[in-house]
Amino acid sequence: MHLTSLLRAATAGLLAATALTAAAHTAEAADTLGSAAAGKGRYFGAAVSASHLGESAYAATLDREFTSATPENEMKWDATEPARDSFTFTSADQVVDHARGQGMSVRGHTLVWHSQLPSWVGSLAAADLRTAMNNHITQVMTHYKGEIHSWDVVNEAFQDGGSGARRSSPFQDKLGDGFIEEAFRTARAADPAAKLCYNDYNTDGANAKSNAVYAMVKDFKARGVPIDCVGFQSHFNSASPVPSDYQANLQRFADLGVDVQITELDIEGSGTAQATAYGNVVGACLAVSRCTGITVWGVTDKYSWRSGGTPLLFDANYAAKPAYDAVLTALGGSGGGGGGGGGTAACTATYATSAQWNDGYNGQVTITAGTTAISTWTTTVTLTSPQKVTATWNSTPTWDTTGNVMTVRPSWNGSLAAGASTTFGFTVAKNGSAAVPAVGACTAS
Ligand code: G2I
Numbered sequence: 057m058h059l060t061s062l063l064r065a066a067t068a069g070l071l072a073a074t075a076l077t078a079a080a081h082t083a084e085a086a087d088t089l090g091s092a093a094a095g096k097g098r099y100f101g102a103a104v105s106a107s108h109l110g111e112s113a114y115a116a117t118l119d120r121e122f123t124s125a126t127p128e129n130e131m132k133w134d135a136t137e138p139a140r141d142s143f144t145f146t147s148a149d150q151v152v153d154h155a156r157g158q159g160m161s162v163r164g165h166t167l168v169w170h171s172q173l174p175s176w177v178g179s180l181a182a183a184d185l186r187t188a189m190n191n192h193i194t195q196v197m198t199h200y201k202g203e204i205h206s207w208d209v210v211n212e213a214f215q216d217g218g219s220g221a222r223r224s225s226p227f228q229d230k231l232g233d234g235f236i237e238e239a240f241r242t243a244r245a246a247d248p249a250a251k252l253c254y255n256d257y258n259t260d261g262a263n264a265k266s267n268a269v270y271a272m273v274k275d276f277k278a279r280g281v282p283i284d285c286v287g288f289q290s291h292f293n294s295a296s297p298v299p300s301d302y303q304a305n306l307q308r309f310a311d312l313g314v315d316v317q318i319t320e321l322d323i324e325g326s327g328t329a330q331a332t333a334y335g336n337v338v339g340a341c342l343a344v345s346r347c348t349g350i351t352v353w354g355v356t357d358k359y360s361w362r363s364g365g366t367p368l369l370f371d372a373n374y375a376a377k378p379a380y381d382a383v384l385t386a387l388g389g390s391g392g393g394g395g396g397g398g399g400t401a402a403c404t405a406t407y408a409t410s411a412q413w414n415d416g417y418n419g420q421v422t423i424t425a426g427t428t429a430i431s432t433w434t435t436t437v438t439l440t441s442p443q444k445v446t447a448t449w450n451s452t453p454t455w456d457t458t459g460n461v462m463t464v465r466p467s468w469n470g471s472l473a474a475g476a477s478t479t480f481g482f483t484v485a486k487n488g489s490a491a492v493p494a495v496g497a498c499t500a501s
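Given below as structure tokens:
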């Protein structure tokens, strides 16, 4: 049992008071990531390293902005059980104690993973490995029982690429596919209150890997294997951008009856492009009712695992970046992070024909935010009868009674940083008319 549990029980009243204060604060002005996300019924978390908690700007930024913490490395197997049956929780306790002292909840990361695995585990024979795996899960979860809102029980068990196969690891190679199911069953027994997640990367859109995870989760739900959530790491850069079906992919997992969480979000880049991508990710989560929270993989670019890519919301000096403003705006917050000014929300809509053939064409409309960030936009597209729209993308259209006027609102792409753009498109059957559609004024809020 965690040594400071008694102290925690004693401070539970204090934490409840803190939560009330936070709620009251939310009602006034959601001017932090955590309070804005709380206004949407979500947590907003960060990966936290115990070694940086002594840096005042690091702790101040963490404490001000975030409502959930994930120990970045401190709960991994090499940190918690470096030698068999010898458990050390010193660093992980530092993160948990700090977070809980600030009224934050904690994500547990991670119990069974092929990486950061001490070499003694890999040298065990199957029966012994099974015992060691179950013991590790039970010991670590029992130490933090009641203190973790969600656990990454198994991390990254599938291969990249087109095979959809399981990744080779001591667990996979010696115990077979069943190790994942066994890990979840052991985890449920150890802390029945914690949500149990499968967590992976390159599963953010529909592809062979995410399809394989989807099939596993579907099977688990059908057979009553205890699984509550799927974590989408969401490490993005120019080679691996936010997929266009990100929201749809989150939704198809949610439709299996599990929560979805964005667990390790970071997006390499800078300025408007980075801000727009962040806004889109947040918008996708908010559009999926079972997307219960977002965690960014670090507080500041300075300590990111890929700091060269400046992928986070605060720069190396803890200044809020345009990406911060975009996230706050997408969460419905009031934009306190500096920059953006207090201008009026505005946008423009411009039309282009992006493809044309005998009896049809594709139209594309570019929506560009004005000098201030916007959280949503709307415009109209008017066709000349007897033209008819046969398909749309990146938008949510409604039609007037004539069927000629389409009012268009965003699907996942409502949130735009100042000056940033998004596009939506549609396919039209000409039905004999070669007229170009008329795009109306753009309005934003
Ligand atoms: O690789 C990014 C993440 C992918 N998903 C699972 C996450 O657990 C993983 O996190 C990263 C941490 O951000 C890094 O900080 O996992 C890495 C290890 O696979 C972590 O890097 C390790 C270094 O490899 C070690 O040399 C170092 O001692 O961080 C350790 C502590 O700073």
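Number 501 marks the last residue of the sequence shown (the numbering used here); no jumps.
We treat Cβ as the ideally placed atom computed from N, Cα and C, and that holds for glycine.
None of these values were measured; they are calculated from a predicted model.
Should Ser471 and Asn450 be called a contact, given that it needs their Cβ atoms to be closer than 8 Å?
No, these two residues do not count as a Cβ contact at 8 Å.
Grab me the residues of Tyr374's own chain with a C-beta within less than 7 Å of its C-beta, minus the 5 sequence neighbours each way, in chain order.
Contacts found: Ala113, Thr117, Thr356.
So who's on the other strand from Ala148, going by DSSP bridges?
Its beta-bridge partners do not exist; DSSP assigns none.
Secondary structure at Met189, three-state DSSP: helix, strand or coil?
Helix.
Within 10 angstroms of the Cβ of Asp256, are there 16 or more other Cβ atoms? Answer buried if so, exposed if not.
Label assigned to Asp256: buried.
Return yes when at least one heavy atom of the ligand G2I lies under 7 Å from the C-beta of Glu320, else no.
Indeed, a heavy atom of the ligand G2I lies less than 7 Å from the Cβ.
When the Cα atoms are used, what is the spatial distance from Thr479 to Ala106?
Rounded to whole angstroms, Thr479 to Ala106 spans 42 Å at the Cα level.
Could you tell me which residues DSSP pairs with Asp322 in its beta bridges?
The partner list for Asp322 (beta bridge, DSSP) reads His291.
Using the Cβ count rule (16 or more neighbours within 10 Å means buried), how would you classify Thr434?
Buried.
Is the Cβ-Cβ distance between Met189 and Ala262 less than 8 Å?
No, these two residues do not count as a Cβ contact at 8 Å.
Cutting at 8 Å between CB atoms, please list the residues of its own chain near Asn267, excluding the five before and the five after it.
Closer than 8 Å at Cβ, skipping near neighbours: Gly220.
Excluding five sequence neighbours on each side, which residues of the same chain lie with their C-beta closer than 7 Å to the C-beta of Met462?
Same-chain partners within the cutoff: Thr436, Val437, Val445, Pro453, Trp455.
Flag this pair as yes or no: are the beta carbons of Pro165 and Leu109 separated by less than 8 Å?
Here the sequence assigns His to residue 165, which means Pro is not the residue at that position. Going by C-beta atoms, His165 is not nearer than 8 Å to Leu109.
Suppose you measure from the CA of Lys277 to the CA of Ser224; what does that come to, to the nearest Å?
Cα to Cα, the separation comes out at about 24 Å.
Mark Ala183 as exposed unless 16 or more other C-beta atoms lie within 10 angstroms of its C-beta, in which case mark it buried.
Classification for Ala183: exposed.
Have a look at the DSSP bridge pairing and note the partners of Cys498.
Note: Cys498 sits in no beta bridge, so no partner.
Let's test the definition: count the other Cβ atoms within 10 Å of the Cβ of Ala80 and tell me whether it reaches 16, buried, or not, exposed.
Here Ala80 scores only 35 on pLDDT, less than 50, and its place in the model should not be relied on; the value that follows carries that caveat. It counts as exposed.
Please determine, among Thr432, Gly496, Lys251, the residue with the shortest C-alpha to C-alpha distance to Ala473.
Closest by alpha carbon: Thr432.
Examine the ligand G2I and report whether any of its heavy atoms sits within less than 7 Å of the Cβ of His165.
Yes, the ligand G2I has a heavy atom inside 7 Å of this Cβ.
So the candidates are Ser179, Thr123, Gly388; which of them puts its Cα closest to the Cα of Ala139?
It is Ser179 whose Cα lies nearest to the Cα of Ala139.
Determine the extent of the alpha helix (DSSP H) in which Asp381 is found, giving its start and end residues.
378–386 is the extent of the alpha helix (DSSP H) around Asp381.
The beta strand (DSSP E) that contains Pro226, what's its start and end?
Taken as a continuous stretch (DSSP letters only), Pro226 belongs to no beta strand (DSSP E), being part of the alpha helix (DSSP H) at 226–231.
State buried or exposed for Gln172, treating a residue as buried only when at least 16 other CB atoms are found within 10 Å of its CB.
That one is exposed.
Please go through the same chain and pick out, in chain order, the residues whose beta-carbon is closer than 7 Å to the beta-carbon of Ser326, but skip the five residues on each side of it.
Excluding positions up to five away in sequence, the list reads Thr366.
May I have the straight-line CA-CA distance separating Ser294 from Thr457, to the nearest angstrom?
If I take the Cα positions, the gap works out to 43 Å.
Enumerated in chain order, which unbroken segments of the alpha helix (DSSP H) with a length of 4 residues or greater are wholly contained in the region 251–303?
264–279, all fully within the region 251–303.
Answer with buried or exposed for Thr409, where buried requires no fewer than 16 other C-beta atoms within 10 angstroms of its C-beta.
Exposed.
Within 7 Å: the Cβ of Asn191 and any heavy atom of the ligand G2I?
The answer is no for Asn191.
Just the C-alpha distance for Ala119 and Glu130, rounded to the nearest angstrom, thanks.
Checking the displayed sequence, the identity of residue 119 turns out to be Asp instead of Ala. Their backbone Cα atoms lie some 19 Å apart in a straight line.
Do you know offhand how far Thr30's Cα is from Arg98's?
For residue 30 there is no data in the structure shown, the boundaries of the chain being 57 and 501.
What residue ranges within the region 430–474 form continuous beta strand (DSSP E) runs of no fewer than 3 residues, ordered along the chain?
The qualifying runs are 433–438, 444–449, 452–455, 461–465.
Confirm the yes/no value for this check: CB of Gln317, any heavy atom of the ligand G2I, distance under 7 Å.
No, the Cβ of Gln317 stays beyond 7 Å of every heavy atom of the ligand G2I.
For Ala148 and Ile204, which I take to be in contact (beta-carbon distance under 8 Å), what is that distance rounded to the nearest angstrom?
That belief does not hold up - the Cβ atoms of Ala148 and Ile204 are roughly 11 Å apart, past 8 Å.
Out of curiosity, what's the CA-to-CA distance linking Asp260 and Gly218?
Answer to the nearest angstrom: the Cα atoms are 15 Å apart.
Under the assumption that Val338 contacts Val383 (Cβ atoms under 8 Å), give the Cβ distance between them as a whole number of angstroms.
Confirmed, Cβ separation roughly 5 Å.
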